[in-house]
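Protein chains: 2
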Amino acid sequence: MSPTPAERRTGTGRYHHGDLRAALVDAAVDLIAERGVRDFSLAEVSRRLGVSVAAPYRHFADREALLAAVAVRALGIFGEMVTRDAAATAPPAERLAAMARDYVRFAAEQRPLFDTMFAAGIDKTEHPEVHQAEQPIDTAIQSCVRELCPDDPAAAAALESTLTATAHGFAALLLDGTYGTGPDAVREASQQAGRAALAIIEGRAALVDLYTVRSYLVTLC
Amino acid sequence: MSPTPAERRTGTGRYHHGDLRAALVDAAVDLIAERGVRDFSLAEVSRRLGVSVAAPYRHFADREALLAAVAVRALGIFGEMVTRDAAATAPPAERLAAMARDYVRFAAEQRPLFDTMFAAGIDKTEHPEVHQAEQPIDTAIQSCVRELCPDDPAAAAALESTLTATAHGFAALLLDGTYGTGPDAVREASQQAGRAALAIIEGRAALVDLYTVRSYLVTLC
DNA sequence: GTCTATATCCCGATAGAC
DNA sequence: GTCTATCGGGATATAGAC
Chain H
204 MSPTPAERRT GTGRYHHGDL RAALVDAAVD LIAERGVRDF SLAEVSRRLG
254 VSVAAPYRHF ADREALLAAV AVRALGIFGE MVTRDAAATA PPAERLAAMA
304 RDYVRFAAEQ RPLFDTMFAA GIDKTEHPEV HQAEQPIDTA IQSCVRELCP
354 DDPAAAAALE STLTATAHGF AALLLDGTYG TGPDAVREAS QQAGRAALAI
404 IEGRAALVDL YTVRSYLVTL C
Chain G
204 MSPTPAERRT GTGRYHHGDL RAALVDAAVD LIAERGVRDF SLAEVSRRLG
254 VSVAAPYRHF ADREALLAAV AVRALGIFGE MVTRDAAATA PPAERLAAMA
304 RDYVRFAAEQ RPLFDTMFAA GIDKTEHPEV HQAEQPIDTA IQSCVRELCP
354 DDPAAAAALE STLTATAHGF AALLLDGTYG TGPDAVREAS QQAGRAALAI
404 IEGRAALVDL YTVRSYLVTL C
């Protein structure tokens, strides 16, 4: 984009980056992909870019801030995948099942990114950008759920959180090794997550208790 | 238990523990409870016990091995809670809902232990004790599920993994801050998890696809 | 404003003395 | 079985070159 090169050497042998911030995020993604979030370090990222260990602190307050930037990028990729399935021309229940399968598959196929989103210990209170980046995914699920519960916002909310929790649970336990390792485990967990979504939709009447239903009916009067 | 004191000083000013291994696990639990798994360190545990940083390596291969021992203890406590509800005299669906609520509540109220079990990055391949310690919980859930699917092992297995994944998902997202913080968020997530269990049980017919059902019927012939 | 150089502190892990 | 000593690495903070 910019006319300045991404990296150039000055006469004194020092390096200058046209956009060190973006380069740091790129390098962080690569490093996390190679070694996992747990072994991610600012020092190693700096080393790979040929800058000093202090340089990143001009662009990110601390290690967690750079991780948050990676999480935002990861959520963008994740959201694109989910949104694609949410826009398909199929019954809402089928679309939700497809999203559940994708959720689990993404966790397995893009584990470093998934870990950065959920297992890196990022405090979303201190990094609202991350929470903000989750919005498109929430919206995609909501639009499907609302087709199933057109007249009951409380039921729609309960259904949404349950579907999300179930997909997330299958993904987390898969990465934890509960279903074993290898492609078979991924396929199995992904299929189960899809069927679980259908089962929850089928039994969704049990998601809202009588008190909630009654208080909703009261608000209608 | 042992007649030797837990700690004694020799004439040379050195310390000896009657059971340093157990003392390390105790101190690790305390430290994790105070600062979280992320800030757990062998050095700090050693300091608190008044031993050198090298001493723990006589009892644990590395930091992760001590964490695994803590995870085993945590799973024992967790399992006791779940087993209590599984043995109650109530319909199986109600017992499973109660276990789901407990699962989420335990995650919130004993977060340090829960994190040690699931968010400490322990490789269960290298630490089979941890996997072994999960057995009682699996068994408790299975005994309830089997009452609901007495004649269909495949359906029982699908129901079990779905219920576990959903409870785990609610717990993980609660700790991630998705439902906010504070006692209200915990109560809300826990109730939702209970209702989700009931909804899954209600819609469980969708958990097993036609192919699976047919192949099961074939084995009966 | 961006980066270098440097210094401090903490951690994990190992080698060898006792 | 525990100690002392030590090595390598990483996080954080500051002073100063450009």
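Listed in order, the protein sequences are those of chains H and G. Taking this note's numbering, the leading residue of the first sequence gets 204, the next gets one more, and so forth. Taking this note's numbering, the leading residue of the second sequence gets 204, the next gets one more, and so forth. We treat Cβ as the ideally placed atom computed from N, Cα and C, and that holds for glycine. This one's a predicted model, so the numbers in the text were calculated from it and none came from an experiment.
Check                                                                                                                                : Outcome
Stretch pair the stretch 295-315 of chain G + the stretch 393-400 of chain G: three plus CB contacts closer than 8 Å                 : yes
Contact list for the stretch 355-369 of chain G against chain H, Cβ threshold 8 Å                                                    : ALA361, SER364, THR365, THR367, ALA368 and THR369
Contacts around LEU377(H), its chain only, beta-carbon distance under 8 Å, and the 5 residues preceding and following it disregarded : VAL307, ALA310, ALA311, ALA388, VAL389 and ALA392
Option in ASP229(G), LEU410(G), ALA322(G) and ARG349(G) with minimal Cα separation from ALA296(G)                                    : ARG349(G)
Beta carbon proximity, ILE403(G) to chain H, threshold 7 Å                                                                           : yes
The stretch 236-250 of chain H in contact with the stretch 329-345 of chain G per 3-pair CB rule at 8 Å                              : no
Own chain, CB closer than 6 Å to ALA400(H), minus 5 neighbours either side, in chain order                                           : LEU299, ALA300, ALA303 and LEU366
Burial state of LEU420(G) (16 or more Cβ within 10 Å)                                                                                : exposed
Nearest candidate by alpha-carbon position, reference ALA375(H), set PRO339(G), SER364(G) and ARG238(G)                              : SER364(G)
CB of VAL273(H) within 7 Å of CB of ALA231(H), strictly                                                                              : yes
Cross-chain neighbours of GLN395(G) in chain H, by beta carbon under 9 Å                                                             : ALA361, SER364, THR365, ALA368 and LEU410
DSSP three-state assignment for HIS262(H), whether helix, strand or coil                                                             : coil
Interface residues of chain H facing ARG398(G) [CB-CB closer than 9 Å]                                                               : ALA361, THR365, ALA409, LEU410, VAL411 and ASP412
Residue-level contact to chain H via CB, ARG390(G), 7 Å cutoff                                                                       : no
Spatial neighbours of ASP305(H) in its chain, beta-carbon cut-off 7 Å, leaving aside the 5 residues before and after                 : MET284, VAL285 and ASP288
Straight-line gap, ALA268(H) to GLU405(G) (C-alpha atoms, nearest Å)                                                                 : 44 Å
Under 9 Å from the C-beta of ARG241(G): neighbouring residues of chain H                                                             : GLY324
CB contact check: LEU376(G) to chain H, cutoff 7 Å                                                                                   : yes
Beta carbon of ARG344(G) nearer than 7 Å to that of ALA402(H)                                                                        : Just to set this straight, residue 344(G) is Ile in the shown sequence, not Arg. No.
is_contact[PHE373(H), chain G] using C-beta, thresh 7 Å                                                                              : yes
Simplified DSSP state of SER205(H), which is helix, strand or coil                                                                   : Reliability fails at SER205(H), whose pLDDT of 35 lies under 50, so the model's placement of it is uncertain and the value that follows must be treated cautiously. The answer is coil: DSSP assigns SER205(H) none of H, G, I, E or B.
Any C-beta of chain H under 7 Å from that of GLY380(G)                                                                               : yes
Contacts that PHE321(H) makes with chain G (C-beta to C-beta distance below 9 Å)                                                     : ALA375, LEU376 and ASP379
The ligand HEM heavy atom lying under 6 Å from the CB of ALA392(H)                                                                   : With respect to the ligand HEM, the structure offers nothing, as it holds no ligand at all.
Burial state of ARG279(H), where buried means 16 or more other Cβ atoms lie within 10 Å                                              : According to the sequence displayed, residue 279(H) carries Gly and not Arg. Counting Cβ neighbours within 10 Å, GLY279(H) comes out exposed, since fewer than 16 surround it.
Boundaries (first-last residue) of the alpha helix (DSSP H) holding ALA311(H)                                                        : 295-312
Rounded C-alpha distance that separates ALA370(G) from PHE373(H)                                                                     : 10 Å
Below-7 Å beta-carbon distance, GLY406(H) vs any chain G residue                                                                     : yes
N- and C-terminal bounds of the alpha helix (DSSP H) containing PRO386(H)                                                            : 386-405
Cβ neighbours of PRO208(H) in the same chain (closer than 7 Å, five flanking residues each side left out)                            : Since pLDDT at PRO208(H) reaches only 39, below the 50 mark, its modelled position is unreliable, and no value is offered.
Own chain residues within Cβ distance below 7 Å of ALA236(H), not counting five before or after                                      : PRO315
Expected contact under 8 Å - CB spacing of ILE340(H) and ALA271(H) to nearest Å                                                      : Not really, about 17 Å apart at Cβ, beyond 8 Å.
Cβ neighbour criterion (16 or more within 10 Å) applied to THR292(H)                                                                 : exposed
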